[in-house]
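Trainee: Pasting in a structure now, in structure tokens, and then I'll have a few things to ask.
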Amino acid sequence: MLEPTLMPSLQFESKSSRAKGIAFHPKRPWILVSLHSSTIQLWDYRMGTLIDRFEEHDGPVRGIDFHKTQPLFVSGGDDYKIKVWSYQTRRCLFTLNGHLDYVRTVFFHHELPWIISASDDQTIRIWNWQNRSLICTMTGHNHYVMCAQFHPKDDLVVSASLDQSVRVWDISGLRKKHSAPTSMSFEDQVARSNAQQADMFGNTDAMVKFVLEGHDRGVNWVSFHPTAPHIVSAGDDRLVKLWRFSETKAWEVDTCRGHFQNASGCLFHPHQDLILSCGEDKTIRVWDSQKRTAVQSFKRENDRFWVIAAHPEINLFAAGHDNGVMVFKLERERPASTVHQNNLFFITKEKHVRSYDFQKNAESPTLLSLKRLGSAWVPPRTLSYNPAERSVLVTSPSEGGSYELINLPRDGSGALDSTDSKRGQGNSAIFVARNRFAVLNTSTQTIDIKDLSNNTARSFKPPIGTTDIYFGGTGNLLIITPTAVYLYDIQQKKSIAELTVNGVKYVIWSNDGLHAALLSKHNVTIVTKTLEQVSTLHETIRIKSATWDDAGVLLYSTLNHIKYTLMNGDNGIVRTLDQTVYLVRVKGRYVYSLDRAAKPKVLHIDPTEYRFKLALVKRNYEEMLHIIRNSSLVGQSIISYLQKKGYPEIALQFVQDPTTRFELAIECGNLEVAVEMAKELDRPKLWTRLGTEALAHGNHQVVEMAYQKLKQFDKLSFLYLSTGDHSKLARMAKIAEHRGDFTARFQNALYLGEVEDRIQMFKEADLYPLAYMTAKSHGLEEECQSILEVTGVTEDQLTTPKFGQTATPPRPVVPTYKANWPTKATSQSIFEKALSGQLEGLSLEDAPAAATNGLGRDDAGDDDIAAKANGAMDVDEDEDAAGWDMGDDIVPEADSDFVNVESTDAGGAGSSEADMWARNSPIAADHIAAGSFESAMNLLNRQVGAVNFAPLKPRFLEIYSATKTYLPASAGLPPLVNYVRRTLDETDPRKVLPIIPRDLEHLASNDLQQGYDTMRSNKLEDGVRLFKGILHAIIANAASSESEATDAKKLATSAGEYALAMSIELARRRLGTPEAVNGNPELLKRSLELSAYFTIPKIEVPHRQLALLNAMNLAARSKNYSSASSFANRILANGGANRILENARRTKTQCERNPHDAVEIEYDQFAEFDICAASYTPIYSGTPYEECALDGTKYHTKYKGMVCTVCEVCEVGKHGSGLKLFA
Amino acid sequence: MDPYSAEGELINIHNHFHQGQYQEVVDFDTSALSAENALPAHILVLRSRLALGQAEDVLAEVQGESEPELAAVAALAEYSLGKTDAAVKTVEELASSAGDNQTVQVLGGTVLQAAGKSEEALALLSQHTGSLDAVALIVQIHLQQNRTDLAVKEVAAARRWAQDSLLVNLAESWVGLRLGGDKYQQSFYVFEELAQAPSTSSITTLVSQAVCELHLGRVEEAQTALEQAVQKQPDYAEAIANLLVLTVVIGKNATELTSSLKTAAPQHPFLADIEEKSSLFDKAATKFSPKVSA
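From first to last, the protein sequence lines are chains H and R.
This note's numbering numbers the first residue of the first sequence as 1 and each following residue consecutively.
This note's numbering numbers the first residue of the second sequence as 1224 and each following residue consecutively.
Next up, the structure:
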């Protein structure tokens, strides 16, 4: 019998009076519902909102239909009327009158401008809605016609009537007549339309083709199959009948029995072999149209169903009942899937398990077929993957919920039916550990923990009302109830945390397992692994799926968007979707998803915005810097976001528009930028604001500029007074005089304490009394007299008050005007510094230190790029290590190199893996790792002539220390020793090789850069040590490829050059203090020579510039102008940082006036030579030399046989078979 | 019924012991156990106390007891206190008198192996009748002898009769770390499962998990786990030793860790090994010299 538990998933439900008619819009998420109460409602079932109401019918409205393409719909009601409406203008366009009783159904024709209506007046009528005329009346039924529909393609009509018959009509005649060429004359048309009436009986426009009799009560509904020649009908005899027809006949195929009340509606599933029917018994039933058996049914408590409709395109159905309409999906469209590392496992619509490789972007062939799982019409719900056992756990909602545990075949070729599977009853089943899975049974409310042979290991009762379970981190389960989520410890059988969240449907763990996103219909809640809520957000549209970015950003999809949310709840839209997808993984700019057909899809996104916001939240300035430099992240939204979040200084970096830049600069107190922008815009308003802001900062120089621009002389004077700038104040007085502004003059004179000036001014203004008083009060008697004389007044005529102290302005104690107040330290963030290239360490490449500071941002940027380019080039196209690999072709005598590592075969003990390493490899480093130091030394001696091993001791012990781990095993015994390999996938003991710490990549990216830093920062002692360290690390190392081995040799040469260069300069510094050297001609000569030699080794250009600068300055100072200008020329030829170039140009011009050397030194600027590393003297090309086999340092022949001063390991002139780094 | 089986009374305390949760063993409520299980539980408690470094107290408690089980505990306690000879002597006596006693086999085997008498240890342990403790010990001894082949066989045999037992899983993981390749990942799963579930987590399993990660080349994860372990118990030698190795692997300076290992466990095999290799280096280096000294 029917499964009462299976419910179609409900998408939307409306509450209203009895719904009699339903129509889906073919494209938009709309549904029209005609009600018994005379209203027509237009709903958006996706949003769940009522869009419109149409109320013009009088009495119940039974028939309703959308036009496929036009913005039209048609309705028919108990007022005998058919109305055609426009939903755009929201009004009834016209009414078709003609029926003489209730209109039961109305439908548009799929292509012709026709409407078909069925009525209680026992007729079916076809109308042309373009010319609004009745074109055909079909008579024959002798009771109410309950339903009439066009065939979706052919010229057929099917109708159902209470006369217990179903009729099929042929309307090809009608089509011929009405789609004939329009060349008819007017008379023809008139004749035809007149003929219409005559056709009413026995016409040939519409002929009854078949009368299907079989129902023994009235028939309520009838439908064509969308493609096949099938008809389905539903009647008051409670039966749903399936019919078939051919060209010539029609017959009953079968009957679906099950409804126990009148069956009111029925239809074929648009894509599957299913029939849906509904009835007054309050059920919707689904039948298999092949087997004619019930597949499932859904019962409502109180409401009788009256009508059922299917969406023409997507998997949606609607049914109208006594209290409204429900829209539902018949089957789950979400494909079951799970992600493990780089693989997605998913179940296709054909119930095949497949995998998809994110790295290769390739879908696998079918791994497994699940055809036999569950009922044919019910797709599996969930998929859980166990990487350790390579098995999957699939749950299906059929049969009240069941699960199946199946091993995936190793090779995955061909559609294998699951052979060895274990199954059981349960609603949810997930793996909780390598060999355990949990099964939830909602009906009994138990959770069983089972082992892989499907035996229950333990069992417990979850919190009441549990609906689902999810993985909860190792050893834990997340238990979902309708109102809360519990974190449950399986071992202790108790809930360890609880969080109140409503209606959680899915749980998605972040890649690092520290956070999970709980998805419910409209909410995303992010929690930690201990179930503490981090953030939550609400969406108005249904949330479908989510996946985590590696950086901890959650991307989620709604019906039509992909959005992101950060941990702090900030969210936004990433892109729009044209169809619903289920996200499974995000990697870089790609989002991987499954669509509703269970096909993997890759979508492109632009992650810049959320990455940037994430970087901002994490204060990862480097990342932000990178994003700003490398992407076009601009726009008002990001600027206002930054401003809102309190990062105006960062927003500043994005803005080009000067006005906005000015605003932001003021906001973050970046006066420099503000001044720049104010100058550019030059508007009084801006200068005023700038002045105010600068004053607050104590930056009176900017204030001064602003006042000057604004011509605010008073303020300017007062500013000068308060900063104590007398000279400028005096100038202000002059200006005031020029302007003839007495008030200003007076003010300035007052500020300056210039009494005479004031008196003079009063006099000029004919204010003699004031002039006199001023003079008098300052005791300037002569002046008083002269005033009296001029005015002709005598002293006794005047009554003067008693004078107090004269007002002299205070003298400034501190010359404040000379410098600004110390500016706010915080105004420049790390970020800004980084952007302006002032922060060391952020830029990986090294512009010479001298050049970095004091330059504008742009310059520094250029330098950076230049340096970067140089660096890259040097690495790539270094001379191909000629004269280096003397013996690359000679295979070292590996066999004889084996030291017989005594394997104590006796006593049952075997040889350890470390012993194997030495046997497996001819590389010295591997012998070191094996602890076989002696053989390693022998190898190195033979390869590069290593003789002095003492400096290598730390390296030997370093390698050796990294080889073993200590695994605590049985109590009371020492730990088990295991051997760390660099060949991770290798299991053949004859091929395994040990890990070598500080491999070549590490050296190039760490040690080498540190070495460069020492060069830049002039810490040469450290530098020599570092570069020697690099050599020592290279000599005992292993390359992963032949090319890496070649690179290693280049690295060794480069390190050798640096060590030599630095040693030369250090030797020069050891000669003595500058004074001592200058005083001693011999030392001076040597000093100049060494400084010249310092420029010879082949080091990176920016570093060579430093050496050249050093040599040039020394030479110039010692009046060796000729040499100095040659160094200057070399600097200029190299190019690079401006400051150095400037310096060189200056020196060059100075030196060329007198191109002579005061001290004769052994340095021929025109000759090619190398430097002997023992004597620091030139080896001119053509003269014989010896060299070190490791680093290629050259020596005069007399030094043959001694230890190389650079690497301190190898013997000079001893040529070996060449360093072996790759076997 | 086997008290150690999944339904047995001792399953939890036994698992605690082998998961390295010694304090949980000591705190375990043994009062509810049936009479025949009281002694094995007591032995587990004593062994846990030994593992927690309370050798003297334990020795004082069991000194002079005649039961072979307790005598074996005494021997192990003596060994922990450095009285190797006395311990070996006791064990050898017990082996001849009560060689069929399971506790004697396991504890005796431990003492003998620790004292370097692997063959005798194996001989004693081979008398076991279905004891997983003994199997685990045998596996470890084979591994220490570098006889991975024998260890593989032993585990495979045990796997047949004790499908999903903790000890078999552990022993298999130990072997897996020797075999490498895919086995690294499988061992990792076992340890991770134990280490990450709060109810089974212990410093031992955490370190084991980290070791697997190190072998798998996942140094960052390994570092996190080890630092967590060191934080949990700063003097846990294995955590320090492995962190030291890891530090070297990633090319960092490990001087500080070496000195803290010296403080925590001066006898640690790593230190002894490096010491030995250091002198070996000096000796070997003397064989080479330049033709001309500078």
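By construction, the Cβ of each residue, glycine as well, lies at the ideal position given by its N, Cα and C atoms.
Nothing here was measured: the structure is a model prediction, and the numbers come from that model.
(1) If you count every other CB in all the chains shown that lies within 10 Å of the CB of R:Glu1232, and 16 or more means buried, which is it?
(2) Give the C-beta separation of H:Lys645 and H:Leu616 to the nearest angstrom, bearing in mind that I take them to be a contact with Cβ-Cβ under 8 Å.
(3) Report, in whole angstroms, the separation of the C-beta atoms of H:Val240 and H:Trp287, which I expect to be a contact under 8 Å.
(4) Determine the chain R residues that contact H:Glu934 at a beta-carbon separation under 8 Å, and present them in chain order.
(5) For H:His604, which three-state DSSP category applies?
(6) Going by C-alpha distance, which of H:Trp43, H:Met937 and H:Leu267 is nearest R:Glu1507?
(7) Hey, could you find the ends of the beta strand (DSSP E) H:Lys20 is sitting in?
(8) Have a look at R:Asn1238 and R:Leu1389 and give me their C-alpha separation to the nearest angstrom.
(9) Taking the alpha-carbon of H:Tyr385 as reference, which of H:Arg542, H:Leu537, H:Asn407 and H:Lys493 has the nearest alpha-carbon?
(10) Just checking my contact of R:Leu1269 with R:Phe1240 at CB under 8 Å: how many whole Å lie between their CB atoms?
(11) May I ask which residues mark the beginning and end of the alpha helix (DSSP H) holding H:Ser1063?
(12) Would R:Leu1437 count as contacting chain H if we go by Cβ distances under 8 Å?
(13) With a cut-off of 8 Å, does the C-beta of R:Glu1279 fall near any C-beta of chain H?
(14) Name the two residues that bound the continuous alpha helix (DSSP H) containing H:Lys763.
(15) Against chain H, which members of the segment 1355–1378 of chain R pass a CB distance test of less than 9 Å?
(16) Does any C-beta atom of chain A lie closer than 8 Å to the C-beta of H:Ser535?
(17) Any beta-carbon of chain R closer than 8 Å to the one on H:Glu1089?
(18) From the beta carbon of H:Arg434, is the nearest beta carbon of chain R less than 8 Å away?
(19) So which residues of chain R does H:Gln296 contact, with C-beta pairs closer than 8 Å?
(20) Return no unless some Cβ of chain H is closer than 8 Å to the Cβ of R:Gly1474.
(21) So what does H:Asp1170 bridge to, in DSSP terms?
(22) Can you give me the start and stop residues for the beta strand (DSSP E) that H:Leu405 sits inside?
(23) Under 8 Å between the Cβ atoms of H:Gly140 and H:Val208?
(24) Is there at least one Cβ from chain R nearer than 8 Å to H:Pro975's Cβ?
(25) Under a three-way DSSP split, which group does R:Leu1355 fall into?
(26) Kindly indicate which residue of H:Pro229, H:Leu156 and H:Leu162 has the alpha-carbon position closest to the one of H:Asp205.
(27) What's the C-alpha gap between R:Gly1403 and R:Ser1425?
(28) For H:Cys1210, write down the residues that DSSP places opposite it in a beta bridge.
(29) Quick one: what's got a C-beta closer than 6 Å to R:Pro1325's C-beta in the same chain, skipping five residues either side?
(30) Counting C-beta neighbours from all protein chains within 10 Å, is the total for H:Phe956 16 or more, i.e. buried, or is it exposed?
(31) In this structure, does DSSP put R:His1241 in helix, strand or coil?
(32) Identify the contact partners of H:Phe956 in chain R, using a Cβ-Cβ distance below 7 Å as the criterion.
(33) Would you check if the distance between the CB atom of R:Glu1316 and the CB atom of R:Ala1310 is smaller than 8 Å?
(34) Is the beta carbon of H:Leu721 within less than 7 Å of some heavy atom of the ligand ADP?
(35) Closer than 7 Å between beta carbons: that is the criterion. Which residues of the segment 1376–1406 of chain R meet it against chain H?
(36) Rounded to whole angstroms, what is the Cα-Cα separation between H:Leu642 and H:Cys668?
Mentor: Well, looking at it:
(1) buried
(2) 7 Å
(3) 7 Å
(4) Leu1503, Ala1507 and Lys1510
(5) strand
(6) A quick correction: the sequence has Ala, not Glu, at residue 1507 of chain R. R:Ala1507 has its Cα closest to that of H:Met937, out of H:Trp43, H:Met937 and H:Leu267.
(7) Ala19 to Phe24
(8) 7 Å
(9) H:Asn407
(10) Rounded, the Cβ-Cβ distance is 11 Å, inconsistent with contact.
(11) Glu1042 to Arg1070
(12) yes
(13) no
(14) Val755 to Glu764
(15) Asp1356, Ala1359, Leu1360, Val1362, Gln1363, Ile1364, His1365, Leu1366, Gln1367, Gln1368, Asn1369, Arg1370, Thr1371, Asp1372 and Leu1373
(16) The question asks about chain A, but that chain is absent: this structure's protein chains are H and R.
(17) no
(18) yes
(19) In chain order: nothing, as chain R lies at least about 39 Å away.
(20) yes
(21) H:Ile1179
(22) Ser402 to Asn407
(23) yes
(24) yes
(25) helix
(26) H:Leu156
(27) 24 Å
(28) H:Ala946
(29) With the sequence shown as reference, residue 1325 of chain R is identified as Gln, and Pro is not the correct amino acid for it. Excluding positions up to five away in sequence, the list reads Ser1354.
(30) buried
(31) helix
(32) Phe1504
(33) no
(34) Looking for the ligand ADP in the displayed structure turns up nothing, as the structure carries no ligands at all.
(35) Asp1387, Trp1397, Leu1400, Arg1401, Leu1402, Gly1403 and Gly1404
(36) 12 Å
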